[in-house]
Amino acid sequence: MNLENKNRDERMLQNDDGNVSDGLKGKAKLNKANKEKQRSPRNKTLSLLLEERITLSKKLIKLSEGEGAKLQLQNTIFHGNFIAGQQFFPKKFAKLIIVDPPYNLTKDFHGEKFRKTSNEAYFEYIQTWLPTLIGLLDDAGSLYLCGNWYNSSVLWQALVENGMMIHNRITWQREKGRGAKNNWKNCSEDIWFATKTKNYYYNAAAVKLKRHVLAPYRNSQGPKDWQPGENGAGATRLTYASNFWDDITVPYWSMAENTEHPTQKSEKLLAKIILASSAPGDMVFDPFLGSGSTAVTAYKLQRQFCGVEIVKEYCLWALCRLEKAKHSSLIQGYKDGVFSERNSEILKRKFKQKKT
Ligand SMILES: C[S@@+](CC[C@H](N)C(=O)[O-])C[C@H]1O[C@@H](n2cnc3c(N)ncnc32)[C@H](O)[C@@H]1O
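For the sequence shown, this note's numbering begins at 1 and goes up steadily by one.
Structural data, given as structure tokens:
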């Protein structure tokens, strides 16, 4: 992105002293970790004890080890700098690539700092990794690139300039947003869906949404495609997914998937992408893995995963989430092959009350 980041990129590949990057050491770190565990039982935010950190650290694989070696990619989380280590990955190894890079915003990822810059400089940053990343995608594969309203046009331009075919701009609604006095509160983000060729996998039937119906289509038998609601709750209908997603909840403290990652994506959002654009057993790659949401969701949906994350603490969270996924493959908002509306339990109750 800029000189500061370039130096950081080089530093990260060479220098890893094995410390978690929260700036604390020894006893202070232990106290902090143990205090975190004393939260209200309703708060499900993931936190690790020092002992857990030590155990998980032993399982971490450093991306820098890829130098001159053949990387073991299947179901692997690499700790390291994707930009500095991108050349270690084999061409066309991934069927699906989900990219959620740092947006063009000033943001501190637990010590990994990004500074908002010009669109031109952000475009240059994207160009330091996007061409190689596209090379890692199978010819029949799909790539999803996440952004916000501010960097979205830059992402579109970068995809086009790198020869990708763009099929959709998905906009997903953030339920909450910071109020603004001088303009409209920003409550949405974008995801660009692009492929290399016209021959790509897409399974629309796997990502249907169950909606409560207010004004149904009718045929001679009555309302079309209705399914009666459970226990008197309103009738629902299965609909094909559009490019506007208003059913996503940003992870928060009472959700089992929640971590303290500042920009964590929800498993439900990732499940939609993974189910629509990959088959069971396919390799899903995420070069900016964060708290591991892509890897965990891919695992829960019987895909292979591979990811890279520069912040060690986030890698540990991802590994811990993967351990938990061995015991529960639940994805909040997705059940029996169907996605539900946001707050579907509240909606069910509302429809039930209306009837009585
Ligand atoms: C927008 S966040 C991704 C969040 C992720 N989707 C999740 O659900 O947790 C971007 C992540 O990229 C990481 N990152 C930034 N530069 C990186 C690099 N060069 N290599 C690998 N990871 C990087 C950041 O630490 C941050 O966790």
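Don't be surprised by glycine CBs; every beta carbon is placed ideally from N, CA and C.
Check: If you drop the 5 nearest sequence neighbours on each side, which residues of the same chain put their C-beta closer than 6 angstroms to that of residue 71?
Finding: What you label residue 71 is simply residue 71 of the sequence shown in a count that begins at 1. The beta carbon of residue 71 sits closer than 6 angstroms to those of 88, all from its chain and outside the five residues before and after it, given in chain order.
Check: Could you check where the beta strand (DSSP E) with residue 140 kicks off and where it finishes?
Finding: Walking along the sequence shown from the start, residue 140 turns up at place 140. Membership of residue 140 in the beta strand (DSSP E) is indicated by the continuous run 137–147.
Next item on the list: Figure out for me which residue from 301, 135 and 273 has the closest Cα to the Cα of residue 281.
Entry: Within the sequence shown, numbered from 1, the residue matching residue 281 stands at position 281. For the options 301, 135 and 273, the alpha carbon positioned closest to that of residue 281 is the one of 301.
Item checked: Spatial neighbours of residue 119 in its chain, beta-carbon cut-off 8 angstroms, leaving aside the 5 residues before and after -> As a working mapping, residue 119 is identified with position 119 in the sequence shown. Cβ neighbours of residue 119 beyond the five flanking positions: 104, 151, 153 and 154.
Next item on the list: Report the rounded CA-to-CA distance for residue 83 versus residue 126, giving the unit in angstroms.
Entry: The sequence position of residue 83 within the sequence shown is 83, counting from 1. The sequence position of residue 126 within the sequence shown is 126, counting from 1. Rounded to whole angstroms, residue 83 to residue 126 spans 10 angstroms at the Cα level.
Note to self: Here's the rule I'm using: 16 or more other beta-carbon atoms within 10 Å means buried, otherwise exposed. How should residue 319 be labelled?
What the structure shows: As a working note, residue 319 is residue 319 in the sequence shown. With 16 or more Cβ atoms within 10 Å of its Cβ, residue 319 is classed as buried.
Check: Taking the continuous alpha helix (DSSP H) assigned at residue 269, which residues delimit it?
Finding: Counting from 1 along the sequence shown, the entry for residue 269 is found at position 269. Here the alpha helix (DSSP H) through residue 269 covers 267–277.
Next item on the list: Just tell me which of 165, 235 and 149 has its CA closest to the CA of residue 189.
Entry: Indexing the sequence shown from 1 puts residue 189 at position 189. When C-alpha distances from residue 189 are compared across 165, 235 and 149, the shortest belongs to 149.
Next item on the list: Have a look at 336, 138 and 333 and flag the residue whose alpha-carbon is nearest the alpha-carbon of residue 197.
Entry: Position 197 of the sequence shown, counting from 1, holds the residue named residue 197. Considering only alpha carbons, the answer is 138.
Check: Any chance the CB of residue 84 is under 8 angstroms from a heavy atom of ligand 1?
Finding: The sequence position of residue 84 within the sequence shown is 84, counting from 1. It does: the Cβ of residue 84 is within 8 angstroms (strictly closer) of some heavy atom of ligand 1.
Next item on the list: May I ask you to report which of helix, strand or coil DSSP gives residue 334?
Entry: The residue given as residue 334 occupies position 334 in the sequence shown. Strand at residue 334.
Next item on the list: Using a threshold of 9 angstroms, state whether the C-beta atoms of residue 226 and residue 213 are closer than that.
Entry: The residue you call residue 226 lines up with position 226 of the sequence shown. The residue you call residue 213 lines up with position 213 of the sequence shown. Annotated as proximal: residue 226 and residue 213, with beta-carbon spacing under 9 angstroms.
Margin query: Relative to the C-alpha of residue 229, which candidate in 277, 210 and 129 has its C-alpha closest?
Written below: Reading the sequence shown from its first residue, position 229 is the one you call residue 229. Of the candidates 277, 210 and 129, the one whose C-alpha sits nearest the C-alpha of residue 229 is 210.
Next item on the list: Run the CB neighbour count on residue 101, radius 10 Å, all protein chains shown included, and call it buried at 16 or more, exposed below.
Entry: Numbered from 1 along the sequence shown, position 101 holds the residue referred to as residue 101. Residue 101 comes out buried.
Notebook entry, point to check: What are the partner residues of residue 323, as DSSP defines its beta bridges?
Noted result: Taking the first residue of the sequence shown as 1, we reach residue 323 at position 323. Answer is none; residue 323 lacks a bridge partner.
Note to self: With the cut-off set at 9 angstroms, would you say residue 97 and residue 285 are in Cβ contact?
What the structure shows: In the sequence shown, residue 97 corresponds to position 97, counting from 1. In the sequence shown, residue 285 corresponds to position 285, counting from 1. Taking a C-beta distance under 9 angstroms as the contact criterion, residue 97 and residue 285 qualify as a contact pair.
Check: Does at least one heavy atom of ligand 1 sit under 8 angstroms from the Cβ of residue 305?
Finding: Taking the first residue of the sequence shown as 1, we reach residue 305 at position 305. No - ligand 1 has no heavy atom lying nearer than 8 angstroms to the Cβ of residue 305.
Next item on the list: Taking only the alpha-carbon atoms, compute the straight-line gap between residue 206 and residue 131 and give it to the nearest angstrom.
Entry: If you number the sequence shown from 1, residue 206 lands on position 206. If you number the sequence shown from 1, residue 131 lands on position 131. Cα to Cα, residue 206 sits roughly 30 angstroms from residue 131.
Check: Thinking C-beta only, is residue 63 closer than 9 angstroms to residue 75?
Finding: Looking up residue 75 in the sequence shown gives position 75. Looking up residue 63 in the sequence shown gives position 63. At the C-beta level, residue 75 and residue 63 stay beyond 9 angstroms of one another.
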